[in-house]
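Count along the sequence shown from 1, add 1413, and you get the number used in the working numbering.
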Amino acid sequence: MAVTKVLMVCLGNICRSPLAEGILKSKVLDASIEVDSAGTAAYHVGNLPDVRSIEVAKKYGIDITDQQARQIKASDLDTFDFIYAMDEANYRTILKLATHPSQKQKVLMIMNELQPNENISVPDPYYGGDRGFEQVFAMLDKACDCIIHKIK
Ligand code: 4NP
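Laid out in structure tokens, this is it:
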């Protein structure tokens, strides 16, 4: 079976991309898709996801407490088939790591899977309340359905 490797990327790798990783993994019921996540910044390397991401995931039956934040590295652009940025700032940061057009092609805005070419960002919920995390979960849940549909 061909395995497709997907990397979810936000800034800190503690709020949005751990949710994206957990949601996509929860929808893949076989070994056809591997999912990981990373941050463009190193602030939270080694940390668990934010407790608010852990709680909203748990509410929908997903356990993300096995995750540990890491920073994206240049070799990720070779290792992964699809690299999904949560927002435009992170999209631009990831592209700066690319040295070859084939790597650039892999970098996509995640919400474009649902609303192509609109470049909608998943809002950074870090400084907000719990409702922000609910909104992020709902957006990523829909985007991950589209990703599964595209890959499978
Ligand atoms: P994330 O959220 O990029 O979705 O993980 C953030 C986490 C931490 C910070 C900013 C955004 N921070 O500034 O520490």
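All C-beta atoms, glycine included, are put in the ideal place defined by N, C-alpha and C.
Supposed contact pair residue j and residue i - C-beta distance, whole angstroms, cut 8 angstroms
i	j	result
I1561	K1438	Between K1438 and I1561 the Cβ distance is about 11 angstroms, and since that is not below 8 angstroms, they are no contact.
E1434	V1448	5 angstroms
N1503	L1424	6 angstroms
V1520	A1498	6 angstroms
I1446	I1564	6 angstroms
V1458	A1482	5 angstroms
C-beta contact flag for residue i and residue j at 9 angstroms
i	j	result
L1420	I1477	no
R1429	D1558	no
I1427	Y1540	no
D1494	L1510	no
Whole-angstrom distance between residue j and residue i, CA atom to CA atom
i	j	result
A1451	N1530	24 angstroms
A1454	M1414	34 angstroms
R1465	D1543	7 angstroms
Q1548	T1506	24 angstroms
I1462	V1469	According to the sequence as given, residue 1462 is Pro; it is not Ile. Straight-line Cα distance between these residues: approximately 11 angstroms.
I1496	Q1516	9 angstroms
I1436	T1512	30 angstroms
N1525	Q1518	14 angstroms
L1527	K1555	7 angstroms
N1532	Y1473	27 angstroms
I1475	P1431	11 angstroms
Where the beta strand (DSSP E) containing residue i begins and where it ends
i	result
L1420	1417-1423
G1452	1446-1452
Any non-hydrogen atom of the ligand NAP within 8 angstroms of residue i CB
i	result
L1424	Absent from the structure shown: the ligand NAP. Ligands present: the ligand 4NP.
Opening and closing residue of the alpha helix (DSSP H) in which residue i lies
i	result
S1439	1429-1440
M1552	1543-1564
Fully enclosed by the stretch 1460-1538, which alpha helix (DSSP H) runs are 4 residues long or longer? As far as the stretch 1460-1538 is concerned, its whole alpha helix (DSSP H) runs of at least 4 residues are 1464-1472, 1489-1492, 1501-1510, 1514-1517.
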